[in-house]
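Input: a single structure, listed below in structure tokens.
Protein chains in written order, with this note's numbering: chain A, 44 to 289; chain H, 3 to 328.
So, in structure tokens, the structure goes:
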């Protein structure tokens, strides 16, 4: 479980995150939505330790992780994927996932082993579960956008995280890719009992897979609840959903 | 299902070393001399590429650790009569210690700021070598580095003054082979893979739990250590150590060698040092306008092969194979 308590972040006077409190419950899918500039990415960066908050706390599984360095938070079971696709572009797909297993498996300082022989079973199982077998020896940076997103998901999952933060997982994808990747995400989250916290522009995706939705507007949370509650909320309709399109 | 190309199965270090060991028996003393130079710079350039091609850092001041290694090794042998192999190793240790000291600050900056700070550190080292007369001999350098005895190689069928050159060449070659094999091992290790992830995407590396600065520092220390080892050999080869070994242009030389050979290949810097030094040796005997010729050649090669010589050969090989398959 991830709790965000009264989080504030201001950049030289501009308040990007204004007293945000939010809980992502274990095994549940929580979405953070809001118009461009609402502060979604800032909120994610505060949670993952990329930015230090002005005030407030972030608590992961009962441990206060406010201001802890990203690489340490990541070892506590939080994984993240990025809005811009974030992989190791010059390595092959296989090497990407293998590198993640090396890092999470505590082999990063091993200077005498052979990298290509590390964690092969785990790497192959992950390739299989993400349906990336056929692309295993392609250079990751040369793949389609959708496939790169899948590689990124694989890197994030290699650490066997308890919570996964996804920043716009379907951004820039075709309708077909979006459909496939959401189905994949849903399956993997259920298989692993993952807690998911994600932001997304595609409202169809948000309302189809979320257990809970928080609406961010100008740095503040203006509504929280299950999809039906949020859909009915007047303020949300006014500022964001555009007068009841949904 | 481990995909490996046939070129990976050839023990390149061994093949190249054995081929290179033939040099004293088939060529003149002049080429043995050039080959020694190449062996030493192959270590130096490969150590630089641990940062450049493997970790994605561009150091402008790698000469500092080369210089420190040469002074440590040369002074220990000349002044304190320390045996060659021990002095050689301590030269590397010296390079690594200073790399740890300077690297601690350098890795705190990124990209061009990192490069400039490494340059500043190198200039500090150079200034100390240049001014500290009592120890380093100052501007005049320290010209009393002895040639190790190497009596165990007296059986070599090389006559006269060529013998000592050939003996030192073979010793330097074996040490270079050991150093390069060690660096190859590190490059291919899990640690090396983590350095690759930092090169490709430092931000992402952080989110698989890598303390990026710490690993960059480790790479910096290892690279500094091997540069120090190369420096020690160079001092003996030149029979003296001088401040310009630590001057930043020495680091620029290996930067050029690495880029020329191809930074994305482990053997790129070795190939680059061989090509550049041989070219230098040939061209200088014809014309005094060596820098002009060098500049033109580099310009041509970099346009023709953006991935360096090995990158170009690889692209050519792929294209030929693609045609054969089609």
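Glycine included, C-beta positions come from ideal geometry on N, C-alpha and C.
Residue of the options minimising C-alpha distance to residue i
{"i": "residue 207 of chain A", "options": "A:216, A:175 and A:229", "result": "A:229"}
{"i": "residue 237 of chain H", "options": "H:10, H:39 and H:23", "result": "H:39"}
{"i": "residue 175 of chain A", "options": "A:157, A:237 and A:140", "result": "A:140"}
{"i": "residue 18 of chain H", "options": "H:41, H:148, H:305 and H:191", "result": "H:41"}
{"i": "residue 278 of chain A", "options": "A:44, A:77, A:146 and A:220", "result": "A:77"}
{"i": "residue 230 of chain H", "options": "H:71, H:285 and H:265", "result": "H:71"}
{"i": "residue 220 of chain H", "options": "A:234, A:225, A:73 and A:152", "result": "A:152"}
{"i": "residue 140 of chain H", "options": "H:147, H:146 and H:132", "result": "H:132"}
{"i": "residue 87 of chain A", "options": "A:271, A:98, A:126 and A:155", "result": "A:126"}
{"i": "residue 97 of chain A", "options": "A:124, A:122, A:56 and A:115", "result": "A:56"}
{"i": "residue 190 of chain A", "options": "A:227, A:91, A:143 and A:276", "result": "A:227"}
{"i": "residue 102 of chain H", "options": "H:123, H:24 and H:158", "result": "H:123"}
{"i": "residue 95 of chain A", "options": "A:237, A:54 and A:129", "result": "A:54"}
Cβ-Cβ distance between residue i and residue j below 7 angstroms
{"i": "residue 194 of chain H", "j": "residue 188 of chain H", "result": "yes"}
{"i": "residue 63 of chain H", "j": "residue 120 of chain H", "result": "yes"}
{"i": "residue 314 of chain H", "j": "residue 68 of chain H", "result": "no"}
{"i": "residue 266 of chain A", "j": "residue 65 of chain A", "result": "no"}
{"i": "residue 107 of chain A", "j": "residue 100 of chain A", "result": "yes"}
{"i": "residue 109 of chain A", "j": "residue 85 of chain A", "result": "no"}
{"i": "residue 248 of chain H", "j": "residue 128 of chain H", "result": "yes"}
{"i": "residue 168 of chain H", "j": "residue 160 of chain H", "result": "yes"}
{"i": "residue 170 of chain A", "j": "residue 193 of chain A", "result": "no"}
{"i": "residue 52 of chain A", "j": "residue 89 of chain A", "result": "yes"}
{"i": "residue 262 of chain A", "j": "residue 58 of chain A", "result": "yes"}
{"i": "residue 109 of chain H", "j": "residue 208 of chain H", "result": "no"}
{"i": "residue 134 of chain A", "j": "residue 183 of chain A", "result": "yes"}
{"i": "residue 75 of chain A", "j": "residue 83 of chain A", "result": "yes"}
{"i": "residue 196 of chain H", "j": "residue 212 of chain H", "result": "yes"}
{"i": "residue 98 of chain H", "j": "residue 253 of chain H", "result": "no"}
{"i": "residue 81 of chain A", "j": "residue 244 of chain A", "result": "no"}
{"i": "residue 45 of chain H", "j": "residue 204 of chain H", "result": "no"}
Within-7 angstroms CB hit, residue i to chain A
{"i": "residue 260 of chain H", "result": "no"}
{"i": "residue 45 of chain H", "result": "no"}
{"i": "residue 10 of chain H", "result": "no"}
{"i": "residue 4 of chain H", "result": "Below a pLDDT of 50, predicted positions are generally treated as unreliable, and residue 4 of chain H, at 45, falls in that range; the measurement from the model is reported next regardless. By this cut-off, residue 4 of chain H is an interface position."}
{"i": "residue 213 of chain H", "result": "yes"}
{"i": "residue 53 of chain H", "result": "no"}
Any C-beta of chain H under 7 angstroms from that of residue i
{"i": "residue 291 of chain A", "result": "Since the first and last residues shown for chain A are 44 and 289, residue 291 of chain A lies out of range."}
{"i": "residue 204 of chain A", "result": "no"}
{"i": "residue 82 of chain A", "result": "no"}
{"i": "residue 45 of chain A", "result": "no"}
{"i": "residue 133 of chain A", "result": "yes"}
{"i": "residue 157 of chain A", "result": "yes"}
{"i": "residue 286 of chain A", "result": "Interpretation of residue 286 of chain A is limited by its pLDDT of 49, a score under 50 that renders its predicted location unreliable; the figure taken from the coordinates is listed afterwards. No, residue 286 of chain A does not count as interfacial toward chain H."}
{"i": "residue 113 of chain A", "result": "yes"}
{"i": "residue 123 of chain A", "result": "yes"}
{"i": "residue 88 of chain A", "result": "no"}
{"i": "residue 127 of chain A", "result": "no"}
{"i": "residue 63 of chain A", "result": "no"}
{"i": "residue 289 of chain A", "result": "For residue 289 of chain A, the predicted model reports a pLDDT of 42, less than 50, meaning its position is unreliable; a value from the coordinates is still stated below. Not closer than 7 angstroms to any Cβ of chain H, the Cβ of residue 289 of chain A fails to qualify, so no."}
{"i": "residue 172 of chain A", "result": "no"}
{"i": "residue 230 of chain A", "result": "no"}
{"i": "residue 237 of chain A", "result": "no"}
{"i": "residue 154 of chain A", "result": "yes"}
{"i": "residue 146 of chain A", "result": "yes"}
{"i": "residue 217 of chain A", "result": "no"}
{"i": "residue 168 of chain A", "result": "no"}
{"i": "residue 53 of chain A", "result": "no"}
{"i": "residue 118 of chain A", "result": "yes"}
{"i": "residue 224 of chain A", "result": "no"}
Residue i - partner residues in DSSP beta bridges
{"i": "residue 232 of chain A", "result": "Partner(s): none; residue 232 of chain A has no beta bridge."}
{"i": "residue 123 of chain A", "result": "A:208"}
{"i": "residue 267 of chain A", "result": "A:257"}
{"i": "residue 75 of chain A", "result": "A:242 and A:257"}
{"i": "residue 62 of chain A", "result": "Its beta-bridge partners do not exist; DSSP assigns none."}
{"i": "residue 182 of chain A", "result": "A:135"}
{"i": "residue 255 of chain H", "result": "Beta-bridge pairing links residue 255 of chain H to no other residue."}
{"i": "residue 107 of chain A", "result": "A:102"}
Against chain A, which members of the stretch 194-211 of chain H pass a CB distance test of less than 8 angstroms? 194, 195, 196, 198, 199, 201, 202, 203, 205, 206, 207, 208, 209, 210 and 211
Which residues, in order along the stretch 168-193 of chain H, keep a beta-carbon less than 7 angstroms from a beta-carbon of chain A? 187, 188, 190, 191, 192 and 193
In chain order, what residues of the stretch 239-265 of chain A put their CB closer than 7 angstroms to some CB of chain H? none
Residues within the stretch 188-213 of chain A neighbouring chain H, beta-carbon criterion of under 9 angstroms: 195, 198, 199, 201 and 202
Which residues of the stretch 274-285 of chain A have a Cβ closer than 7 angstroms to any Cβ of chain H? Give them in chain order. none
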